[in-house]
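Trainee:
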Amino acid sequence: MSAPTFGVVVFPGSNCDHDAYHAVKHVLGEKATFLWHKDTDLQGVDVVVLPGGFSYGDYLRCGAISQFSSIMKEVVRHAERGGHVIGICNGFQVLTETGLLPGALLRNRSLKFVCKQVRLRVENAETDFTRRYEQGKVLQIPVAHGEGNFYTDSDTLRELEDNGRVVFRYVDENGEATEAANPNGSLNNIAGIVNSRGNVLGMMPHPERVVENLLGSDDGLGVFASLAESITGSVPALS
Amino acid sequence: MFKAIVTVKLRPSILDPEGKAIEHALQSLDFQQLSDVRVGKEIELTVDAADRDAAEQAVDDACRKLLANPVMEDYTIELQELTS
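Chains as they are written, first to last, in my numbering: chain E, 1 to 239; chain R, 1001 to 1084.
(1) Just to check my reading of the structure: T98(E) and V76(E) have Cβ atoms closer than 8 Å, yes? What is that Cβ distance to the nearest angstrom?
(2) Using only the alpha-carbon positions, how far apart do T96(E) and P102(E) sit?
(3) Tell me the DSSP secondary structure of N149(E) in three-state form.
(4) Could one say the Cβ of L111(E) lies closer than 8 Å to chain R's Cβ atoms, at least one of them?
(5) Let me check understanding here. Comparing Cα to Cα, which of L1010(R), F1002(R), K1003(R), E1042(R) lies closest to D1074(R)?
(6) Could you spell out the range, first to last residue, of the alpha helix (DSSP H) harbouring F965(R)?
(7) Determine whether the beta carbon atoms of N90(E) and C62(E) lie at a separation below 8 Å.
(8) Measure from the C-beta of A104(E) to each C-beta in chain R and report whether the shortest distance is under 8 Å.
(9) Have a look at F250(E) and E134(E) and give me their C-alpha separation to the nearest angstrom.
(10) Just reading off the alpha helix (DSSP H) that L1034(R) is part of, what are its end residues?
(11) Is it right to say T130(E) is buried, meaning 16 or more other beta carbons lie within 10 angstroms of its own, or is it exposed?
(12) What ranges does the alpha helix (DSSP H) occupy inside the stretch 5 to 82 of chain E, keeping only unbroken runs of at least 4 residues that lie completely in it?
(13) Where do the N-terminal and C-terminal ends of the beta strand (DSSP E) with H84(E) fall, by residue?
(14) Rounding to the nearest angstrom, what Cα-Cα distance links K1065(R) and N213(E) in this structure?
(15) Looking at chain R, is there any beta carbon in it that lies within less than 8 Å of the beta carbon of A64(E)?
(16) Below 8 Å on the Cβ atoms is my guess for C16(E) versus G52(E); work out the distance and round it to an integer in Å.
(17) Among K38(E), T33(E), T5(E), which one has its Cα closest to the Cα of P12(E)?
(18) Quick check on S1035(R): buried or exposed, where buried means 16 or more other Cβ atoms within 10 Å of its Cβ?
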């Protein structure tokens, strides 16, 4: 299959869209394009990226208004066809509001906006989003959010845990999922989950911000490289 | 025409950290008799509907689709008939 194309959705208030575009296009060397929220066509992209930011000013609830934009109707259709969708930070909030992922992202337990480097353990390295990582590897990736406190009912939580759908978990320097390592109060230190079909991932941390050593780390690049590999079936050459 | 007041609050099973912070502040002000603080939001709207049932149904539909997120929030609807 030819090189994959990543489409980065731009909502009014998105602010990590250019970082995601840069990660894919300039660091990974794959094709990337922006998709405006009023567009009604995904332009044939293979992967939809819902970026971080404050879409529609986070009015009402984070991600609540974005779910009704024209582009999201197409994103839902893309996901239903088995197309890949990754939601980062505000993008994760949009995915839960849309119902493509279960649960909700509540206000951080601390009530404060948390902006810092955290450690994530790769809980499932067999997804299309993580196949370039080793199982159990601990990554350093930043978080920057006020509403990242993952919540769901206990049945759904069990379903996520029992089926390897918790993809990333907040851990400490020893790789342990402790209370102290949990930046926002998320249930079971959950930082990222995947849908049952495995083609939609949401995560609060920002892999697009750590894709080259110039930025301090390239721990996040594996997410985009994994997606490229999953779509083409070939391994992209990383510099 | 009706005026609707929708109150949206976190479900009782969900910790409300904002309510907790306010509760702690109240206690530090010696309001020992005040507890169980929960914070919500109130949304006012005008409903153009023939009768109370139709108005209630329209607002309830809006709550389920947009105004509240049933995963984490409960809502109540209060309707007042507007006399023109």
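Virtual Cβ for every residue (Gly too), placed ideally from N, Cα, C.
Mentor: Based on what the coordinates show:
(1) 6 Å
(2) 6 Å
(3) strand
(4) yes
(5) L1010(R)
(6) No information on residue 965(R) is available, as it lies outside the stretch 1001 to 1084 that chain R covers here.
(7) yes
(8) yes
(9) Since the first residue of chain E shown is 1 and the last is 239, residue 250(E) is not available in this structure.
(10) No alpha helix (DSSP H) holds L1034(R); DSSP gives it neither H nor E.
(11) buried
(12) 17 to 22, 70 to 80
(13) 84 to 88
(14) 44 Å
(15) yes
(16) 3 Å
(17) K38(E)
(18) exposed
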